[in-house]
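Trainee: So the protein lines, in turn, are chains W and U.
Per the working numbering: the first sequence ends with 256, consecutive numbering throughout.
Per the working numbering: the second sequence ends with 99, consecutive numbering throughout.
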Amino acid sequence: MAGAAVLGRLTWAPARVSDTVVETPRVRTLELEVPGWAGHRAGQHLDVRLTSEDGYQAQRSYSIASAPGDGVALTVERLDDGEVSPYLVDEARDGDELEVRGPIGGYFVWDGDEPEPVLLVAGGSGIVPLMAMARQRARAGSSAPMRLLFSSRTIEDVVYREELDSLAGDGFEVFHTLTREQPPGWTGFGRRIDRDLLDEVSWPASERPRVYVCGSTRFVDAAADGLLELGYEAGWIRTERFGATG
Amino acid sequence: MTGTAELKLDGNAVGGIMLELFGIEATAMPCICAGCGAREEVARLDVYTGAGIVIRCCHCEGVMIRIVQGSGRTWLDLSGTASLVLG
Chain W
11 MAGAAVLGRL TWAPARVSDT VVETPRVRTL ELEVPGWAGH RAGQHLDVRL
61 TSEDGYQAQR SYSIASAPGD GVALTVERLD DGEVSPYLVD EARDGDELEV
111 RGPIGGYFVW DGDEPEPVLL VAGGSGIVPL MAMARQRARA GSSAPMRLLF
161 SSRTIEDVVY REELDSLAGD GFEVFHTLTR EQPPGWTGFG RRIDRDLLDE
211 VSWPASERPR VYVCGSTRFV DAAADGLLEL GYEAGWIRTE RFGATG
Chain U
13 MTGTAELKLD GNAVGGIMLE LFGIEATAMP CICAGCGARE EVARLDVYTG
63 AGIVIRCCHC EGVMIRIVQG SGRTWLDLSG TASLVLG
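Structure (structure tokens):
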């Protein structure tokens with residue numbers, strides 16, 4: 011049967027791990043070589059499928075951390091009772107092969123040519139697609155003002171901490187909050203995200219910002235509710251929830 | 013103990029299977045609930061995954077789409093969707 015729908019179908023493609031970077035004790039970045047990769051947009055994700063020797067398959071979705079044009083990197087947090095993430099974080103090594111499907115997503119994306127101020131709100135590994143946007147801002151030379159509010163449990167759990175420090179400035183501001191434990195001399199926030207914290211760091215509603223929120227369902231709901239209370243319109247707020255299975 | 017709310021995902025999570033089934037990126041496409049008439053992008057709908065995938069309206073919580081895959085086949089129930097724009 012011939013037809014555009016069939017021709018356009020997305021299939022699983024082989025990928026090879028080309029490098030790995032330890033980000034935190036629970037989080038690792040895997041750089042992938044994907045033959046025929048046609049490029050991606052900041053904020054998109056990939057589905058990853060693993061097949062065991064007996065044919066059992068498990069698949070999960072992981073956000074792409076790299077900026078468009080800068081290869082394919084996934085940053086993965088280990089969920090201890092997960093099927094896929096413990097392998098990706100602890101076991102995968104250079105040369106390992108897996109299957110990927112994607113890139114996926116046309117809603118939770120930011121291309122770098124939008125003029126509006128941008129508010130990024132990340133909970134834990136929810137930083138990953140937002141990091142692709144921050145990297146894209148730098149790479150594309152975007153002048154859109156961008157603020158990131160990043161909630162982590164402890165200072166050791168802050169993914170991309172040094173790179174975020176180096177990206178800050180020139181219209182990109184980073185605000186950290188540590189919800190479980192703060193180191194001596196900590197000058198950032200030290201509580202969960204709520205309406206008051208959002209009010210301190212977010213753009214006034216009159217600026218009609220674009221908002222991207224990524225984290226657990228509970229985190230996303232808290233952030234979105236807080237922003238709505240501050241007068242943001244639902245249509246400005248794009249959200250992506252992370253599952254409890256890894 | 014994980015409650016149902018913790019298992020809730022959103023329509024971003026079904027971008028891969030929608031791309032596989034329909035051949036196009038669907039998460040930014042508008043979808044109208046047959047129950048309450050709300051119009052939302054697929055990415056904003058509530059998604060629950062288990063043996064199959066259940067996509068619910070984020071306003072009335074009515075079931076809009078059900079997808080089950082197995083044995084090389086896909087069963088797709090769109091009876092809760094008034095319309096879905098593709099492309």
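Beta carbons are placed, not taken as given, at the ideal position from N, Cα and C, and that holds for glycine.
For the stretch 94–107 of chain W against the stretch 46–62 of chain W, are there 3 or more C-beta pairs whose distance is under 8 angstroms?
Mentor: Enough Cβ pairs lie closer than 8 angstroms, so yes.
Trainee: Just the Cα atoms here: how many angstroms apart are D91 of chain W and G256 of chain W?
Mentor: Between D91 of chain W and G256 of chain W, the C-alpha separation is close to 7 angstroms.
Trainee: What span of residues does the alpha helix (DSSP H) with D235 of chain W cover, start to end?
Mentor: Segment T227 to E239, the alpha helix (DSSP H) holding D235 of chain W.
Trainee: Are the beta-carbon atoms of F185 of chain W and R147 of chain W separated by less than 8 angstroms?
Mentor: No, they are not a contact pair.
Trainee: Assess contact between the stretch 172–179 of chain W and the stretch 199–217 of chain W, defined as three or more Cβ pairs (one per stretch) separated by less than 8 angstroms. Is contact present?
Mentor: Not touching, per the Cβ criterion.
Trainee: Please name the residue, chosen from W:S152, W:L188 and W:A150, that lies closest to E166 of chain W on a Cα-to-Cα basis.
Mentor: Selected option, being the one with the closest Cα: W:L188.
Trainee: Restricting to runs no shorter than 4 residues, where is the alpha helix (DSSP H) found entirely within the stretch 171–221 of chain W?
Mentor: Listed in chain order, they are 171–177 and 205–211.
Trainee: For I203 of chain W, which residues in chain U fall below 9 angstroms Cβ to Cβ?
Mentor: None at all; the shortest Cβ gap to chain U is about 17 angstroms.
Trainee: In its own chain, which residues sit with a C-beta less than 8 angstroms from the C-beta of Q67 of chain W, not counting the 5 before and 5 after it?
Mentor: Same-chain partners within the cutoff: R59, L60 and T61.
Trainee: Which stretch, first to last residue, makes up the alpha helix (DSSP H) that contains L33 of chain U?
Mentor: From DSSP, the alpha helix (DSSP H) with L33 of chain U extends over G27 to F34.
Trainee: Between F160 of chain W and I137 of chain W, how many whole angstroms is the CB-CB distance? I'm expecting something under 8 angstroms.
Mentor: The Cβ separation is near 6 angstroms, so the contact holds.
Trainee: According to a CB-to-CB cut-off of less than 9 angstroms, which residues of the stretch 28–49 of chain U neighbour chain W?
Mentor: Those would be G28, I29, M30, L31, E32, L33, F34, G35, I36, E37, A38, T39, A40 and M41, in chain order.
Trainee: So M1 of chain W packs on Y170 of chain W, CB below 8 angstroms; how close in whole Å?
Mentor: Because chain W spans 11 through 256 in this model, residue 1 of chain W falls outside it and cannot be assessed.
Trainee: How far does the beta strand (DSSP E) with R78 of chain U in it extend, from its first residue to its last?
Mentor: Segment V75 to G82, the beta strand (DSSP E) holding R78 of chain U.
Trainee: How do the stretch 42–50 of chain U and the stretch 234–242 of chain W stand: do at least 3 beta-carbon pairs fall below 8 angstroms, yes or no?
Mentor: Taking 8 angstroms as the limit for Cβ pairs, the verdict is that the stretch 234–242 of chain W does not touch the stretch 42–50 of chain U.
Trainee: Could you check which residue in W:E93, W:Q54 and W:Q69 has the C-alpha nearest to that of A83 of chain W?
Mentor: The option with the nearest alpha carbon to A83 of chain W is W:Q54.
Trainee: Assuming contact is defined by CB atoms lying nearer than 8 angstroms, are P78 of chain W and R38 of chain W in contact in what I supplied?
Mentor: Contact flag unset, no.
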